[in-house]
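Q: Before I ask anything, let me first share the structure, which is written out below as structure tokens.
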Amino acid sequence: MANETPPNKGEQVKGGPPIVENAQLPRMGTQAMPPKLINGAVRHMTVGAQPVQGSNLMAPVPKDQTQQQGAGGKPTYPAQERKTMEQPAPGQGYIRLHVRVTNGQLSVIGAQAVAGPLVQNQSLHHDYAYEVTVGANRVAVESFPNPAEWRSYPNPHGVQGQEGHHITHAASYDLTVRIPRQALSLAQLPQMQIALYQVSENAQHKPLGTQVLNTQFSQQVKEVARLNGLRIEQLAAPVQESLRKALQ
Amino acid sequence: MPDSMTQLVSAGPPGTKRNLVVLGDGFAAGNQDAYNQKVQDLVINGLFHQDLFYEDQQAFNIYRVNLISTDSGMSQRVYDSNDNIVSTTLKNTALGYMYNGSWSHCWLEDGTNTESLLQNALNTWVPDYTFVLVLLNETGWGGCGGGGRLVVTLAGDWSVIAHESGHGMGGLADEYCVQGAWPGGEPGQVDATTNSDRNTLKWGNFINPSTPVPTGVAPAGTSGSCTGYNQGTKPSWWDDNQDVGLFEGGSTYSTGVYRPLINCRMNSNRPPYCPVCYTQMRRVLDPYTDHTFLNCYAGDFNGDGKSDLLIHNDNSILLYRSNGSQLDTVFSAVAIVPGSWQFSTHDQFYIGDFNGDGKDEVVVYNSVDWVIPYLGLLADDGNNGLDLIARYDGSMPGWQFNKTDQFYVADFNGDGKQDLFVFNGSDWSIPYLGLLASSGWGFSLVQRYDSTLPGWQMTPGDQHFIGDFNGDGKADLYLFNGSNWSIAYLGLLQSNGSGLSMATRYDGAVPGWQMRTNDAHYVADINGDGKADLFVYNYQDWSTQYLGRMISEGTALAADWAASWVGEWHLGAVDQFAPCDYEGVSGKPDLFVHNHDWFGMISAGSSIGLQKIYYRWIHNYRYGRNW
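Chains A and B are the protein sequences, given in the same order. Just so we're aligned, residue 1 is where the first sequence starts under this note's numbering, counting upward by one. Just so we're aligned, residue 1 is where the second sequence starts under this note's numbering, counting upward by one.
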């Protein structure tokens, strides 16, 4: 059974008795329910206006409020004015790390803070994925197609050998790693690890558990590169500055 | 002219969406209009008006960055047949790309500072980016994609970008065949395989049992072409773009590897994605689209007698057309429709034929997201979509909008144009009920009740249900209150065209149904006698779920009920219902039933039965389903 209601406990039987799911509740009967007390008393509906009271009343109905058709076709209206957005609470938002992969080595070459919530993947849908951990905890994961692969458009002029893509694999390529702001602090950077995996088809489209990828999927993910801790003082000065600012 | 950025589609916060950034290179100040038009044609009117991209617009923020190049046109590089550089002609452009016109050099290449210029532009103009499309001011053919980027010239159209997006967003394989035998093992992509066993085939759930597997086998010596349906006679109903089988040839190779379809977008660009690729793309985008079936509205938007469907999610709407047995997408809008109405999270939708043209229009009200409440009237735009024809900002004559205003669609004067009831029971010192008559292009107040109705004392918990229960052509009012009094009440107030009078009031029970606090009512002419009846659903107050019918006999009701299951659908607490007539059969009403992830089509005339069920998204697979 597919929808969200928990499955019934028994088979439905045509002409059988109704299934009692909660015996504490009464069956539907044919008589009116007894009155219930409101503030200790029975309050039956009575007909007749309540006295108008209070000062927060609508204005009286105007005598002439006939709707007139506007002249000159469809009207246009100014943009609706949105209420001022509430400021996000401290710690909301996410960090965007610009990571370069060269010869199996990961290096952080840029960092920015981005306001607002971050959607995290609940399963892997592609053949590559990064996973960010702090200690034993996963704090971010995202999958994507092979980031090293570049394709040229096919040649439309029927040149033999150029009917398809010309595919090359870059020796150096970039990833964008997104980490929820509240999951990372400056002090945790030395414990942060970023792993890049190649993901087999058997690990794709399956719900992610709480375990790290190479535990949950074992042989189905193959590590391509790993950054073991980030020492902020070793980053380029502008990156240090932007990362400190993002994590403040 | 300084550089600038314009957000073309604003679907939501960047961390919850896929962010597509379009940048131009080689466009001088005088080329910016041409650049803007090309972006519009290629991306907004091109790619995002096609099937899946149109349906899933809500997954994307789209940014257009206008970078002003000093020179117009691109730097050029020429290679000889041995890949030696013959010449390089440099121009001063914003990103420094060079066009080389060589397939084996990806048609174009970075200049000395291209990477840093591009990163600087992205970091300057957009908060985040997932996909980057760079448009070169170059008329020669070419395009090069990888790593979330696609760099193209002016020569290609949306279809090439759609195909490339299959690679870049969906990780899909090519499905064309330009080489000989497949050299590797099982490919990792969802649309390529070496496996020909129906029982373990990765897309086996989409193959009709009557379809042979394999469906197409390459004749000996095949090289450079894909194989079609050659295992038996291709059925007359077969659709080369939507019927799934197992065809030899794929991933650019002709033999030893298979593709699911004869002709998918991953083969020849222009056709829609096949069911296998479509499902992969929707899976990938689903967390960012974040669509649910929680806010569904039935309406006959094209006047063919069949109820269509409007779905609202956050700042987007989708319209689906019914053909009598299934629904297909016809309109998708994110953020705004012409006129203008800006969609937002707390929009409330009310569907009715407010101008009497035989097609339903949409009233939308929002008293939460803006500094004042707004009410808009949206009508058919002549192209399956909607635009705004009237808007009231803050109030209309005789009625001042307030936070908890509740609107109900009703032709209470019988002039063939739907009108509105409006009720507010909590924002003022006394409850108010207004009757707003439609002129076809707006509304005016014809009657307002302050505190009481004939035979009924208004309280905040009043629930209103509209229907012509006496069959006189004027919409009447069912009024239920299960919470403010010691017993539940149901009143039948009939309309005389400009006011209401009490026909019957039930105190505690309708014959055949014992009224309870959490009874939920839905109006429909269940028995097709021209008088509006009530479905009533209660999952909270009894030991099981009850779905009942209250049949109107003019000024009185008679009730019966069923319990627990409708076909595959287990009635539950999360279910919502929308009475409709998607079959377009007079006197045979239907129900849409929906919750967060599921959508069902229930035929509900003489008996109640489930006709169609969808999970997460509405797509009509020729065979199989996505769960």
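C-beta: ideal position from N, C-alpha, C; glycine also. The structure presented is a predicted model; accordingly, all values stated were derived computationally and were not measured.
Could you have a look at GLN188/A and say whether DSSP puts it in helix, strand or coil?
A: helix
Q: Considering only residues of the region 422–476 of chain B, which uninterrupted beta strand (DSSP E) runs meet the minimum length of 3 residues and lie entirely inside it, listed in chain order?
A: Entirely contained in the region 422–476 of chain B, the beta strand (DSSP E) runs reaching 3 residues are, in chain order, 432–438, 443–450 and 463–467.
Q: For LEU186/A, count neighbouring C-beta atoms within 10 Å of its own C-beta (all shown protein chains included) and say buried if the count is 16 or more, exposed if not.
A: exposed
Q: So, helix, strand or coil for HIS167/B, using DSSP?
A: helix
Q: Distance, Cα to Cα, GLY184/B vs GLU142/A?
A: Inter-residue distance for GLY184/B and GLU142/A is about 27 Å (C-alpha atoms, whole angstroms).
Q: Mind checking GLY158/A: buried by the 16 CB within 10 Å criterion, or exposed?
A: In summary, GLY158/A is exposed, with fewer than 16 beta-carbon neighbours lying within 10 Å of its beta-carbon over all protein chains present.
Q: Please compile the residues from chain B whose C-beta is within a distance smaller than 7 Å of the C-beta of TYR130/A.
A: Under a criterion of Cβ atoms nearer than 7 Å, no residue of chain B is adjacent to TYR130/A; the nearest Cβ is some 13 Å distant.
Q: Exposed or buried, THR289/B, counting other C-beta atoms within 10 Å across all chains shown (16 or more means buried)?
A: buried
Q: Reducing DSSP to helix, strand and coil, say where GLU233/A ends up.
A: helix
Q: Let me know the secondary structure DSSP gives CYS580/B once reduced to three states.
A: strand
Q: Determine, using beta carbons only, whether ARG82/A comes closer than 8 Å to chain B.
A: For ARG82/A, the closest Cβ of chain B is nearer than 8 Å.
Q: According to the neighbour-count rule (16 or more other Cβ atoms, all chains shown, within 10 Å of its Cβ), is ILE372/B buried or exposed?
A: By the neighbour-count rule (16 or more Cβ atoms within 10 Å), ILE372/B is not buried but exposed.
Q: Taking TRP617/B and ARG282/B to be in contact with their CB atoms under 8 Å, please state how far apart those CB atoms are, rounded to whole angstroms.
A: 6 Å
Q: Work out the CA separation of LEU23/B and TRP125/B for me, nearest whole Å.
A: 10 Å
Q: Could you have a look at LYS245/A and say whether DSSP puts it in helix, strand or coil?
A: helix
Q: Which value, in whole angstroms, describes the spacing of the CA atoms of ASP597/B and GLN204/A?
A: Spanning the two alpha carbons is a distance of roughly 21 Å.
Q: Would you say VAL99/A faces chain B, with C-beta separation under 8 Å as the test?
A: no
Q: By Cβ distance, which residues of its chain are closer than 6 Å to ILE109/A, with the 5 residues on each side in sequence left out?
A: HIS98 and ARG100
Q: Between SER483/B, ASP25/B, SER367/B and THR329/B, which has its C-alpha nearest GLN342/B's C-alpha?
A: Considering only SER483/B, ASP25/B, SER367/B and THR329/B, the residue with the shortest C-alpha distance to GLN342/B is SER367/B.
Q: Leaving aside the five residues before and after THR194/B along the sequence, list all residues of the same chain whose C-beta is less than 6 Å from its C-beta, in chain order.
A: GLU186 and VAL257
Q: Extract the residue ranges of the alpha helix (DSSP H) inside the region 230–312 of chain B, only unbroken runs of 4 or more that lie entirely within it.
A: 265–268 and 275–289
Q: If you measure from the beta carbon of SER104/B to each beta carbon in chain A, is any gap under 8 Å?
A: Yes, because at least one Cβ of chain A sits closer than 8 Å to the Cβ of SER104/B.
Q: May I ask you to report which of helix, strand or coil DSSP gives LYS38/B?
A: Secondary structure of LYS38/B (DSSP, three-state): helix.
Q: Can you grab the Cα-Cα spacing for the pair SER244/A / PRO238/A, in whole Å?
A: It should be noted that the sequence gives Arg, not Ser, for residue 244/A. Between ARG244/A and PRO238/A, the C-alpha separation is close to 10 Å.
Q: Taking all protein chains shown into account, do 16 or more other C-beta atoms lie within 10 angstroms of the C-beta of ILE85/B, making it buried, or fewer, making it exposed?
A: exposed
Q: What are the start and end residues of the beta strand (DSSP E) that includes THR176/A?
A: 172–180
Q: State the DSSP-derived secondary structure class of TYR54/B, mapped to helix, strand or coil.
A: helix
Q: Could you check whether GLY482/B and ALA475/B sit closer than 8 Å to each other, using their CB atoms as the reference points?
A: no
Q: Between ASN384/B, LEU479/B and ALA173/B, which lies nearest to HIS165/A when the distance is taken from Cα to Cα?
A: In terms of Cα proximity to HIS165/A, the closest of ASN384/B, LEU479/B and ALA173/B is ALA173/B.
Q: Under 8 Å between C-beta atoms, does ASP191/B make it to chain A?
A: no
Q: Specify, as a first and last residue, the run of the beta strand (DSSP E) that GLU81/A falls within.
A: Segment: none, GLU81/A is in no beta strand (DSSP E) and carries neither H nor E.
Q: Closer than 8 Å by beta-carbon distance: list the chain A residues that pair up with PRO13/B, in chain order.
A: ALA115, GLY116 and PRO117
Q: For HIS126/A, which residues of its own chain have a beta-carbon under 6 Å away from its beta-carbon, when the five flanking residues on both sides are left out?
A: The beta carbon of HIS126/A lies closer than 6 Å to those of SER143, PHE144 and PRO145 in the same chain, with the five residues before and after it left out.
Q: Under a CB-based cut-off of 8 Å, is GLY164/A close to chain B?
A: yes
Q: What residues in the region 169–185 of chain B have a beta carbon less than 7 Å from any beta carbon of chain A?
A: GLY171, ASP174, TYR176 and VAL178
Q: Less than 7 Å between C-beta atoms, sequence neighbours within five positions excluded: which residues of the same chain meet that for GLY455/B?
A: Closer than 7 Å at Cβ, skipping near neighbours: GLY491, MET502 and ARG505.
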